[in-house]
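Going down the list, the sequences are from chains A and B. Under my numbering, the first residue of the first sequence carries the number 1, and numbering increases by one thereafter. Under my numbering, the first residue of the second sequence carries the number 1001, and numbering increases by one thereafter. For each residue, glycine too, the CB sits at the ideal point set by N, CA and C. Step one of this worksheet: look at the structure below.
Number of protein chains: 2
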Amino acid sequence: MKGTVGLFDSGLGGLITARYLHQLRPDLSLLYYGDTAHLPYGDKSPAQIRAYTREIVSFLVEKGAEAIVIACNTASAVAHEVAVEAAQGLPVFDAIQPALARLLNSTPATIGIIGTYTTITSGVYRDPLREAGYLVQERPTPLLVPMIEEGWLDHPATHATIETYLSALGEIDTLLLACTHYPLIEPAIRRYYQTTGKPVQILSTARLLAEAVATTLPRAEDLSPPSLQIWVSDPNPRFQALAERFWGTALPIMPASTSPTALAKSPAP
Amino acid sequence: MKGTVGLFDSGLGGLITARYLHQLRPDLSLLYYGDTAHLPYGDKSPAQIRAYTREIVSFLVEKGAEAIVIACNTASAVAHEVAVEAAQGLPVFDAIQPALARLLNSTPATIGIIGTYTTITSGVYRDPLREAGYLVQERPTPLLVPMIEEGWLDHPATHATIETYLSALGEIDTLLLACTHYPLIEPAIRRYYQTTGKPVQILSTARLLAEAVATTLPRAEDLSPPSLQIWVSDPNPRFQALAERFWGTALPIMPASTSPTALAKSPAP
Chain A
1 MKGTVGLFDS GLGGLITARY LHQLRPDLSL LYYGDTAHLP YGDKSPAQIR AYTREIVSFL
61 VEKGAEAIVI ACNTASAVAH EVAVEAAQGL PVFDAIQPAL ARLLNSTPAT IGIIGTYTTI
121 TSGVYRDPLR EAGYLVQERP TPLLVPMIEE GWLDHPATHA TIETYLSALG EIDTLLLACT
181 HYPLIEPAIR RYYQTTGKPV QILSTARLLA EAVATTLPRA EDLSPPSLQI WVSDPNPRFQ
241 ALAERFWGTA LPIMPASTSP TALAKSPAP
Chain B
1001 MKGTVGLFDS GLGGLITARY LHQLRPDLSL LYYGDTAHLP YGDKSPAQIR AYTREIVSFL
1061 VEKGAEAIVI ACNTASAVAH EVAVEAAQGL PVFDAIQPAL ARLLNSTPAT IGIIGTYTTI
1121 TSGVYRDPLR EAGYLVQERP TPLLVPMIEE GWLDHPATHA TIETYLSALG EIDTLLLACT
1181 HYPLIEPAIR RYYQTTGKPV QILSTARLLA EAVATTLPRA EDLSPPSLQI WVSDPNPRFQ
1241 ALAERFWGTA LPIMPASTSP TALAKSPAP
């Protein structure tokens, strides 16, 4: 394996997973596709999301990906099989399996799950956990993504929103953040649970996914320096600021219409 | 004129305009198209929004619309000309002209404008008003739509968000709500200005648009009872609840699968 991994998400939130992966495995080169023309996936139908996924995975394979990472919870929930088909035998990681594996190997009393409407109503986390005998409380939390994208990580509105959303879950001892973006407000979530006085373990699908990819893929054999390339399907100046928020430093973003020969490799982050 | 008006929006927020229009002109039959497969338009590029607009207007014309109402501020900002082309000589109303006409015929000292990123950065309100000598303060307020769609019209998070957004405008004497959804939080906005102690006139593009259509179109000649038909490009159970929130009563919603298939944009990168 040369060490090239293709990740995608409906937008740029998957860069948080990419960032975790880069921290854990700086030897890997990352190809990232943000389907900004169709975000947010959380409001789209499963059929629509499957159609987008098929095209994006084919694009990443064509660009040289040797493994595919579905960094989007919503797409993971409804389009894993389509991604496997389009990946032509390459390994496919989704955001759900690592989180389920972790939870099913632990002994929480009651698990809380928050995510988009599509992720929550799909039952991808809830159903296997309940079948295994766990108590599950869940809630769609659609305001958290736009708040994070607004940069309001410690704003009174964010704290009020978190309080309404999390108090509705009742008593839990483990909370699963089932959306790429949510790690950025983990401090605000921790603060809420400090006010309740009940310790809650917080897990994020983004970090568990990055850990699964990092521990599964072999060491890169390519001797050229690792790189990060980012494409978006609908270029928009605002995405530049968002990408920097999610990745932590400035990043060049290419429109997906760019021809392969015109692609300039970005410096390693 | 038989009295059939075609309205569209990126989602279902335009039903607020439709509702105002129905209150003012109960003789009209309304055709409504919610492009839920591509919402929110506020994050999309102008070229993308123009492509959607062309298809939707053609669909409404085919369904018998005798006038077209662009109930979406974002589409009004970037796709009026495309709508006129696709409307084949039918009158086209957009959300911008009625609001500009009203403001340019009044004497506000300082006008505040709030709306989506695309609407605000397009300058469609700001530029003509500044050219006419008005002082304008504006700000994109992207969290308000998801809060309204969550039904949080009087929630602490909504009040905290409104305070941050509106205080950033500084001192104004007129506020233009340049987004379909915003009339639903007009009471919360009024409450904010009561706390500041400074009276502010609040105008909404949705209401001004409905008034312009209502006063322009001739009396319907059709003797059959007026009706309301709603299509969405991506059916989703959640839209049912949203439609009822925006229209005020239960509503049947049809999938637009009978519509031009080109409406679902190919995801090919």
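> What distance in whole Å lies between the Cβ atoms of residue 1117/B and residue 1042/B, which are believed to be in contact at a cut-off of 8 Å?
Replying inline: Counting from one through the second sequence, the residue named residue 1042/B turns up at place 42. Counting from one through the second sequence, the residue named residue 1117/B turns up at place 117. About 5 Å; that satisfies the 8 Å criterion.
> Hey, quick one: how far does the beta strand (DSSP E) through residue 138/A stretch, first residue to last?
Replying inline: Working through the first sequence from its first residue, we reach residue 138/A at position 138. Run containing residue 138/A: 135-140, per the beta strand (DSSP E) assignment.
> Are the beta-carbon atoms belonging to residue 1057/B and residue 1006/B less than 9 Å from one another?
Replying inline: The count along the second sequence starts at 1 and reaches residue 1057/B at position 57. The count along the second sequence starts at 1 and reaches residue 1006/B at position 6. Taking 9 Å as the Cβ cut-off, residue 1057/B and residue 1006/B qualify as a contacting pair.
> Going by beta carbon distance, what residues of the same chain come within less than 8 Å of residue 192/A, once the five residues before and after it are set aside?
Replying inline: Indexing the first sequence from 1 puts residue 192/A at position 192. Result list for residue 192/A: 159, 162, 163 and 166, in chain order.
> So what does DSSP say about residue 1215/B, is it helix, strand or coil?
Replying inline: Locating residue 1215/B in the second sequence gives position 215, where the first residue counts as 1. DSSP places residue 1215/B in helix when its eight states are reduced to three.
> In chain A, which residues lie with their C-beta within 9 Å of the C-beta of residue 1117/B?
Replying inline: Taking the second sequence and counting its residues from 1, the one referred to as residue 1117/B is at position 117. Residues of chain A passing the Cβ test: 236 and 238.
>> According to DSSP, simplified to helix, strand and coil, what is residue 1170/B?
In response: To locate residue 1170/B, count along the second sequence from 1; it is residue 170. Reduced to three states, the DSSP call for residue 1170/B is coil.
> Can you name the residues of chain A whose CB is closer than 8 Å to the CB of residue 1109/B?
Replying inline: Start at 1 with the first residue of the second sequence, and residue 1109/B comes out as number 109. What residue 1109/B touches in chain A: nothing, since even the nearest Cβ is about 29 Å away.
> Cβ of residue 1142/B less than 9 Å from any chain A Cβ?
Replying inline: In the second sequence, counting from the first residue as 1, residue 1142/B sits at position 142. Cβ-Cβ to chain A under 9 Å: yes for residue 1142/B.
> residue 1079/B versus chain A: which residues are under 9 Å apart at the beta carbon?
Replying inline: Indexing the second sequence from 1 puts residue 1079/B at position 79. Within 9 Å Cβ-Cβ: nothing; residue 1079/B doesn't reach chain A, min ~15 Å.
> So who's on the other strand from residue 1067/B, going by DSSP bridges?
Replying inline: Indexing the second sequence from 1 puts residue 1067/B at position 67. DSSP output for residue 1067/B lists 1005/B as bridge partner(s).
>> Counting only beta-carbon separations shorter than 9 Å, does residue 1048/B have a partner in chain A?
In response: Working through the second sequence from its first residue, we reach residue 1048/B at position 48. Judged by the 9 Å Cβ criterion, residue 1048/B is in contact with chain A.
>> Quick check on residue 231/A: does DSSP put it in helix, strand or coil?
In response: Mapped onto the first sequence, residue 231/A falls at position 231. Strand, per DSSP.
> Buried or exposed: which applies to residue 48/A, given that a residue is buried once 16 or more other Cβ atoms fall within 10 Å of its Cβ?
Replying inline: In the first sequence, residue 48/A corresponds to position 48, counting from 1. Buried.
> So, is residue 206/A buried or exposed, given that buried needs 16 or more other C-beta atoms within 10 angstroms?
Replying inline: Mapped onto the first sequence, residue 206/A falls at position 206. So residue 206/A counts as buried.
>> Per DSSP, what are the beta-bridge partners of residue 1272/B in this structure?
In response: Any question about residue 1272/B goes unanswered here, given that chain B covers just 1001 to 1269.
> Counting only beta-carbon atoms, is residue 1045/B nearer than 9 Å to chain A?
Replying inline: In the second sequence, the residue the question calls residue 1045/B occupies position 45. Yes - at least one Cβ of chain A is within 9 Å of the one on residue 1045/B.
> Taking Cβ to Cβ, would you say residue 37/A is nearer than 9 Å to residue 71/A?
Replying inline: What you label residue 37/A is simply residue 37 of the first sequence in a count that begins at 1. What you label residue 71/A is simply residue 71 of the first sequence in a count that begins at 1. Not in contact: residue 37/A and residue 71/A (Cβ atoms no closer than 9 Å).
>> On the DSSP letters alone, give me the boundaries of the alpha helix (DSSP H) that residue 1014/B sits inside.
In response: The sequence position of residue 1014/B within the second sequence is 14, counting from 1. Where residue 1014/B is concerned, the enclosing alpha helix (DSSP H) stretches over 1014-1024.
> Under the three-state reduction of DSSP, which class applies to residue 1114/B: helix, strand or coil?
Replying inline: Position 114 of the second sequence, counting from 1, holds the residue named residue 1114/B. Here residue 1114/B sits in strand by DSSP.
> Can you check whether the CB of residue 21/A is closer than 9 Å to the CB of residue 30/A?
Replying inline: Looking up residue 30/A in the first sequence gives position 30. Looking up residue 21/A in the first sequence gives position 21. It is a contact, given that the beta carbons lie within the stated cut-off.
> Using a Cβ-Cβ cut-off of 6 Å (strictly less than) and excluding sequence neighbours within five positions of residue 1115/B, which residues of its own chain qualify?
Replying inline: Position 115 of the second sequence, counting from 1, holds the residue named residue 1115/B. So the list reads 1073, 1178 and 1179, once near-sequence residues are dropped.
> Which ranges does the alpha helix (DSSP H) cover as unbroken runs of at least 4 residues, wholly within the region 1150-1209 of chain B, from first to last along the chain?
Replying inline: 1156-1167 and 1186-1196
>> Which residues does DSSP list as the beta-bridge partners of residue 1254/B?
In response: Here the question's residue 1254/B lines up with position 254 in the second sequence. In DSSP, residue 1254/B forms a bridge with 1231/B.
> How about residue 1101/B and residue 1125/B: are their beta carbons less than 9 Å apart?
Replying inline: Working through the second sequence from its first residue, we reach residue 1101/B at position 101. Working through the second sequence from its first residue, we reach residue 1125/B at position 125. The answer is no: Cβ separation not under 9 Å.
>> Using a Cβ-Cβ distance cut-off of 9 Å, determine whether residue 1152/B contacts chain A.
In response: Residue numbering aside, residue 1152/B sits at position 152 when the second sequence is read from its first letter. With 9 Å as the cut-off, residue 1152/B counts as an interface residue toward chain A.
> Between residue 28/A and residue 52/A, what straight-line distance do the alpha-carbon atoms span, to the nearest angstrom?
Replying inline: In the first sequence, the residue the question calls residue 28/A occupies position 28. In the first sequence, the residue the question calls residue 52/A occupies position 52. Their Cα atoms are separated by approximately 25 Å.
>> Which residues in chain B have a C-beta closer than 7 Å to the C-beta of residue 271/A? List them in chain order.
In response: What is shown of chain A runs 1 to 269, which leaves residue 271/A out entirely.
>> I want to see whether chain A comes within less than 9 Å of residue 1018/B, judged by CB atoms only; does it?
In response: For the purposes of this step, residue 1018/B is identified with residue 18 of the second sequence, where counting begins at 1. Judged by the 9 Å Cβ criterion, residue 1018/B is not in contact with chain A.
> Does the distance from the CB of residue 1110/B to the CB of residue 1174/B come in under 9 Å?
Replying inline: Residue mapping note: residue 1110/B aligns to position 110 of the second sequence, counting from 1. Residue mapping note: residue 1174/B aligns to position 174 of the second sequence, counting from 1. Yes. Within cutoff.
> Are the beta-carbon atoms belonging to residue 1228/B and residue 1033/B less than 9 Å from one another?
Replying inline: As a first step, residue 1228/B must be located in the second sequence, where it is residue number 228. As a first step, residue 1033/B must be located in the second sequence, where it is residue number 33. Cβ distance not < 9 Å, so residue 1228/B and residue 1033/B don't count as in contact.
>> Rounding to the nearest angstrom, what Cα-Cα distance links residue 1237/B and residue 218/A in this structure?
In response: Here residue 1237/B is taken as the residue at index 237 of the second sequence, counted from 1. Here residue 218/A is taken as the residue at index 218 of the first sequence, counted from 1. Answer to the nearest angstrom: the Cα atoms are 43 Å apart.
>> Buried or exposed for residue 282/A, going by 16 or more other Cβ atoms inside 10 Å?
In response: Nothing about residue 282/A can be reported from this structure: the residues present for chain A run from 1 to 269 only.
> Which residues share a DSSP beta bridge with residue 1288/B?
Replying inline: As displayed, chain B neither begins before 1001 nor continues past 1269, which places residue 1288/B out of reach and without an answer.
> Do we get a CB-CB distance below 9 Å when we pair residue 1009/B with the residues of chain A?
Replying inline: Translated into positions along the second sequence, residue 1009/B becomes position 9. Output row for residue 1009/B: interface = no.
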